[in-house]
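Position in the sequence shown counted from 1, then plus 46, gives you the numbering used here. For each residue, glycine too, the CB sits at the ideal point set by N, CA and C.
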Amino acid sequence: MQEAITITEQPVSVSVPVGYSFTLRCRAQGRSSLQYQWFCQYQSGCRLIPGATNQDLPIIAEQTQLYTCRVNDLHRNAVFSDWVKVEVHQCVARGLPPRLWQGEPVIVLNPQEQRVEVGQPLQLQCAAMGVPAPSYQWYRNGNLLEQQKRKKLRITHTKVSDSGTYLCCASNSHGEHWTNAVDVHIGTCGPGKFFATGKIALLVGNNRYQHHPNLMAPVRDVFELRHLLEHLGFQVVSLLDLNKAEMATAVAQFLQLLGKGVYAIFYYAGHGYEHLGRNYMVPVDAPQPYAPENCISVQRILQKMQQQQTALNIILLDTCRKWYNPGRALSQVQPLEPWGNTVYGYSTSEDAEAYELQDGEFSSGIFMKYLKKHILQEKKVTHMLEDVLEDIGRDPLVTGKQVMEIKHTLKEARSLTDPICPSGAAAERWGHGQELPSRTVTFPCGVRVELRFLRLFSNLMFVCAKPQPPLAHITEPQLLLHQLTDVVLQLDLHYTQPSTNQRTCESLQTTLQKSLLRQFVSQRKDSQPAPARVCPQDALGLGTEPKGSLGTGSGHSLPSSSPSTFSSEPEENDESDLALPGPGQDRP
């Protein structure tokens, strides 16, 4: 049975400066003529506003107040609208809101940097004006904080992992605005306690090679390590399938952000080799056979990391270390400075291969299987890696095949869980979230499609397209999504018109914001636009524990007792200094 009175337009909350003029609106339908009466909150009840008997209530903002509207008919039926809040900001900066303000969010209060002892409460606060009143969403290190959707962010009992860079997004139907980013330090940075002035990590996983066997494990390993490091307060960029120029550019950006006191991690998973004490990473475009000039020298990266006066340098190499051409002369490797701050974590020992567990579509390296088990421990980095080494040594799948190796000069008991206490200006946010908000597009036939974006890596994003009901006016719909360029998507909707029984196709194009990797990677001249990754939600399957057959970093699936026989036999020579091309430099 139809309700006697139905409210068709609810009033909306607003957040405005003192003296601002606006109107609250309420609309309703009924079976007889309707009467309106506005009320405001008064102490614990509500108070009738004299003369406020119209659908619209003009207000000049004076103080924060709650309002509701009663609608009644001639038959003594009555309903109340939702309560709405008129938030009034008494003090705002000069020039706010802008003269031609249309109601979009305007930040009037930014959060402030905080230093909090472990276990003590943390509170950050921001505020924004907007019509309608903005909603809020907080982020830490670029990651959305699901439970923090109010102006005030509260954490009752802080942990070291709560350290990081925080900011808040205020949004309404007119747009969004972000607060300033602030650093939060959890822990004690006093004498005798170790801390980092920043935590920066670059993760590279090469899977799809042009001239060599493809790998399976790096994609999952990089994905999981990124989330673990972010939990520890690291600012992380994770990249997949880079050619040599792209790897060099990413390393250059990484090095520029390092500074005195920073904890720096460089992780690589993919093809690689070692010869006479020097390690090389193989880009996806390396020829067959490859030579050192086609690869990236790990030792040269570490030398440049040391030049930045970092407090802790960690190199994690999840790659094979087979030796080739042992009869060649030793290359000259410049020794590292004796600063006592360097840790090497090799997934395998010299002249050995690194294995991965293969489980259908997804795989995980043996090294990462145990690293993720221990990396969050609050202990010296080298002791944590020793726990990883011992676990790998007890794994029957790789007994006699793979043994982790640790080399270090770490003279202090520094841990990845140490707090962050920046000195001077905060570093640029490396790897900041870049999550795109969902959006809805509408085809000429009236069908609405929601696009959702999920960035799994810094240079890989999944796009999910979902038609929105109702679809009663068309039949047999089929939606296709194409990537025209790195920032333009095309949607094709194929459907049948019931009235004519004819198939019809309509197309739309939508432009995305430029991805993070535009600063690292230019469009490859030899590549064609690839289809965008379209997936149903929750179908990514990256969270299951690996199991199954054993494989090596050379890309072969093997019985657990068979070593790989693949060899590219590169020649060793003295590599010139690492070339770090600028953004406009062409690739070979």
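Paired residues, beta bridge with Leu199 - DSSP: Translated into the one-based positions of the sequence shown, residue 199 becomes position 153. Partner(s): Leu170.
Nearest to Gln81 (by Cα), restricted to the options Asp102, Leu213 and Pro333: Position 35 of the sequence shown, counting from 1, holds the residue named residue 81. The shortest C-alpha separation from Gln81 is found at Asp102.
Cα-Cα separation between Leu640 and Thr542, rounded to whole angstroms: It is not possible to answer for residue 640, since the shown part of the chain is limited to 47 through 634.
Supposed contact pair Lys245 and Phe269 - C-beta distance, whole angstroms, cut 8 Å: In the sequence shown, the residue the question calls residue 269 occupies position 223. In the sequence shown, the residue the question calls residue 245 occupies position 199. That belief does not hold up - the Cβ atoms of Phe269 and Lys245 are roughly 19 Å apart, past 8 Å.
The beta strand (DSSP E) enclosing Arg346, as first and last residue numbers: As a first step, residue 346 is located in the sequence shown; it is residue number 300 there, counting from the start. No beta strand (DSSP E) holds Arg346; the alpha helix (DSSP H) holding it covers Val344 to Gln352.
Alpha-carbon to alpha-carbon, Pro167 and Leu431: One-based indexing of the sequence shown puts residue 431 at position 385. One-based indexing of the sequence shown puts residue 167 at position 121. In a straight line, the C-alpha of Leu431 is about 32 Å away from that of Pro167.
Start and end residues, alpha helix (DSSP H) containing Asp267: On the sequence shown, position 221 is the one that residue 267 refers to. Run containing Asp267: Ala263 to His277, per the alpha helix (DSSP H) assignment.
Enclosing alpha helix (DSSP H) for Tyr416 [first to last residue]: In the sequence shown, the residue the question calls residue 416 occupies position 370. Run containing Tyr416: Ile412 to His420, per the alpha helix (DSSP H) assignment.
Span of the beta strand (DSSP E), counted from its first residue to its last, around Lys426: Within the sequence shown, the letter at position 380 stands for residue 426. No beta strand (DSSP E) holds Lys426; DSSP gives it neither H nor E.
Where Ile361 falls: helix, strand or coil (DSSP): Mapped onto the sequence shown, residue 361 falls at position 315. Three-state DSSP puts Ile361 in a strand.
Three CB pairs or more closer than 8 Å across the region 107 to 119 and the region 142 to 152: no
Simplified DSSP state of Ile95, which is helix, strand or coil: In the sequence shown, the residue the question calls residue 95 occupies position 49. If DSSP states are grouped into helix, strand and coil, Ile95 belongs with coil.
Residues near Asn123 in its chain [Cβ-Cβ closer than 6 Å; skip 5 each side]: Here residue 123 is taken as the residue at index 77 of the sequence shown, counted from 1. Same-chain partners within the cutoff: Ala50 and Ile51.
Spatial distance of Val62 from Pro490 (CA atoms): Along the sequence shown, one-based indexing puts residue 62 at 16. Along the sequence shown, one-based indexing puts residue 490 at 444. Cα to Cα, Val62 sits roughly 37 Å from Pro490.
In DSSP terms, what Tyr313 is bridged to: Numbered from its first residue, the sequence shown carries residue 313 at position 267. Answer by DSSP bridge pairing, in chain order: Leu249 and Leu362.
Exposure of Asn187, with buried meaning 16 or more beta-carbon neighbours within 10 Å: By one-based count along the sequence shown, residue 187 stands at place 141. So Asn187 ends up on the buried side.
Beta-carbon proximity of Tyr113 to Cys86, cut-off 7 Å: Within the sequence shown, the letter at position 67 stands for residue 113. Within the sequence shown, the letter at position 40 stands for residue 86. Result yes, Cβ atoms of Tyr113 and Cys86 sit closer than 7 Å.
Cβ neighbour criterion (16 or more within 10 Å) applied to Ala139: The residue labelled residue 139 in the question sits at position 93 within the sequence shown. Looking at its Cβ environment, which holds fewer than 16 other Cβ atoms inside 10 Å, Ala139 is exposed.
C-alpha gap between His602 and Pro259, whole angstroms: Looking up residue 602 in the sequence shown gives position 556. Looking up residue 259 in the sequence shown gives position 213. Note that His602 has pLDDT 34, beneath the 50 cutoff, so the model's placement of it is unreliable and no number is given.
Buried or exposed (CB count within 10 angstroms, at least 16 for buried), Cys551: In the sequence shown, residue 551 corresponds to position 505, counting from 1. Under this definition Cys551 is an exposed residue.
Neighbour-count burial assignment, Ser393, 16 or more Cβ in a 10 Å radius: Position 347 of the sequence shown, counted from the first residue, corresponds to residue 393. Ser393 comes out buried.
Residues bridged to Ala124 (per DSSP): Locating residue 124 in the sequence shown gives position 78, counting from the first residue. Partner(s): Asn118.
The beta strand (DSSP E) enclosing Met327, as first and last residue numbers: Locating residue 327 in the sequence shown gives position 281, where the first residue counts as 1. Where Met327 is concerned, the enclosing beta strand (DSSP E) stretches over Arg324 to Met327.
Reference Gly391; option with closest CA among Leu363, Ala400, Arg367 and Lys418: Here residue 391 corresponds to residue number 345 of the sequence shown, with the count starting at 1. For the set Leu363, Ala400, Arg367 and Lys418, the Cα lying nearest the Cα of Gly391 is the one of Leu363.
Exposure label - Ser90; buried when at least 16 CB within 10 Å: As a working mapping, residue 90 is identified with position 44 in the sequence shown. Classification of Ser90: exposed, given that the 10 Å Cβ count is below 16.
Endpoints, beta strand (DSSP E) assigned at Lys239: Within the sequence shown, the letter at position 193 stands for residue 239. It is not in any beta strand (DSSP E) - Lys239 carries neither H nor E in the DSSP assignment.
Exposure label - Tyr88; buried when at least 16 CB within 10 Å: Counted from its first residue, the sequence shown places residue 88 at position 42. Counting Cβ neighbours within 10 Å, Tyr88 comes out exposed, since fewer than 16 surround it.
Whole-angstrom distance between Leu535 and Thr202, CA atom to CA atom: Start at 1 with the first residue of the sequence shown, and residue 202 comes out as number 156. Start at 1 with the first residue of the sequence shown, and residue 535 comes out as number 489. In a straight line, the C-alpha of Thr202 is about 43 Å away from that of Leu535.
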